[in-house]
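**Student:**
Numbering (the numbering used here), first residue to last: 40 to 236.
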C-alpha cells in the first residue's frame, strides 16, 4: 500500500493545480498523487496557514513534511528575509515543493531531505502538519528531533486531528518539557503552539 511518507511513491502521477488564497498571500501549486493532499489544500493545513501566529521575520524557519509546499510557501512569502527549510522524505514531495517555489518566484526556500539539514542550524519558527500515520513512536522521535533544534525563544506550531490523538500528543509534549497551548480548534483539528519552558 502506498503512503505519502514513502520515499519513492510508486502510484501513477496525476498532477492537479490548486489555487491557495489567504488573507495576505496567494499562490498556485501543483499537487500530485503519492503526496499528501492531492488536488486540494487539506483542512488541517488550511487551519495552520490561517490561524498560526506570524512566523519569525528572519533567521531559519522549518516546514516538517513539506508535501506540496503549501506551508513552506506561506512562510516564505510572509517572511521574505528568512530562509525556509522545507524537508520531506518523499522524493516526489520535494520535487513538487521545488517546482511550486519556482512557479511562484519564491527564492528563500531550501528544499532538502531531513538528513541534508546541517546540524548547526537552529530554527526560530517551525510549522508542520506532521505525518501522524507514521506511527506514534516515529512521530514522537520526529518531533523531539526537530523541536530540539528550536531557538531558545523560538516556537513550533503544529496541526493535528483530534481523533488522531491531538489531545494526547499535547499532553506528551508537555511531559517532554514544552509548553503546548491549543490556539485554535476547528473541524476536528487542533492547532498547538509549542515553546521551550
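Using N, Cα and C, we set each Cβ at its ideal position, and we do this for glycine too.
Whole angstroms is fine: what's the gap from residue 148's alpha carbon to residue 57's?
**Tutor:** Each residue's alpha carbon lies about 19 Å from the other.
**Student:** Taking buried to mean at least 16 other C-beta atoms within 10 Å of its own C-beta, is residue 209 buried or exposed?
**Tutor:** Buried is the call here.
**Student:** I'd like the ranges of any beta strand (DSSP E) spanning at least 3 consecutive residues and lying wholly in the segment 167-227.
**Tutor:** Segments of the beta strand (DSSP E) lying fully in the segment 167-227: 189-200 and 217-225.
**Student:** Using alpha carbons as the reference points, say which of 213, 75 and 159 lies closest to residue 133.
**Tutor:** The candidate whose alpha carbon is nearest that of residue 133 is 75.
**Student:** Could you have a look at residue 164 and say whether DSSP puts it in helix, strand or coil?
**Tutor:** Reduced to three states, the DSSP call for residue 164 is strand.
**Student:** Tell me, to the nearest whole angstrom, how far the beta carbon of residue 228 is from that of residue 61; I am working on the premise that it is less than 8 Å.
**Tutor:** That pair is no contact at about 17 Å.
**Student:** Can you look up residue 132 in the DSSP assignment and give me helix, strand or coil?
**Tutor:** Reduced to three states, the DSSP call for residue 132 is helix.
**Student:** For residue 230, which residues in the same chain have their Cβ closer than 8 Å to its Cβ, ignoring the five residues on either side in sequence?
**Tutor:** Excluding residues within five positions, the ones whose Cβ falls inside 8 Å are 86, 87, 90, 91, 196, 197, 198, 221, 222, 223 and 224.
**Student:** Name the one or two DSSP bridge partners that residue 68 has.
**Tutor:** Note: residue 68 sits in a beta bridge opposite 57.
**Student:** For residue 125, does the three-state DSSP call read helix, strand or coil?
**Tutor:** Reduced to three states, the DSSP call for residue 125 is strand.
**Student:** Taking just the CA atoms, how far does residue 69 sit from residue 226?
**Tutor:** Distance between the alpha carbons of residue 226 and residue 69: 25 Å.
**Student:** I'd like to confirm the pairing. Which residues does DSSP put opposite residue 233 in its beta bridges?
**Tutor:** Paired residues: 195 and 219.
**Student:** Could you work out which residue in 172, 130 and 125 is closest to residue 48 when comparing CA atoms only?
**Tutor:** The shortest C-alpha separation from residue 48 is found at 130.
**Student:** Can you tell which of 181, 169 and 53 has its C-alpha closest to the C-alpha of residue 200?
**Tutor:** The candidate whose alpha carbon is nearest that of residue 200 is 169.
**Student:** On the CB-based measure, 16 or more other CB atoms within 10 Å of its CB, does residue 94 come out buried or exposed?
**Tutor:** That one is buried.
**Student:** Measuring alpha carbon to alpha carbon, tell me which of 99, 126, 190 and 181 ends up nearest residue 212.
**Tutor:** The option with the nearest alpha carbon to residue 212 is 181.
**Student:** Beta carbon of residue 96, beta carbon of residue 115: below 7 Å?
**Tutor:** In this structure, residue 115 does not lie closer than 7 Å to residue 96 by Cβ.
**Student:** Buried or exposed, going by whether 16 or more other CB atoms sit within 10 Å of the CB of residue 160?
**Tutor:** The residue in question, residue 160, is exposed, as its Cβ has fewer than 16 Cβ neighbours within 10 Å.
**Student:** Closest to residue 217 by C-alpha separation, out of 205, 186 and 177, would be which residue?
**Tutor:** Comparing Cα positions, the closest option is 186.
**Student:** How would you label residue 111, buried or exposed, when you count the other beta carbons within 10 angstroms and need 16 or more for buried?
**Tutor:** The residue is buried, with at least 16 neighbouring Cβ atoms inside 10 Å.
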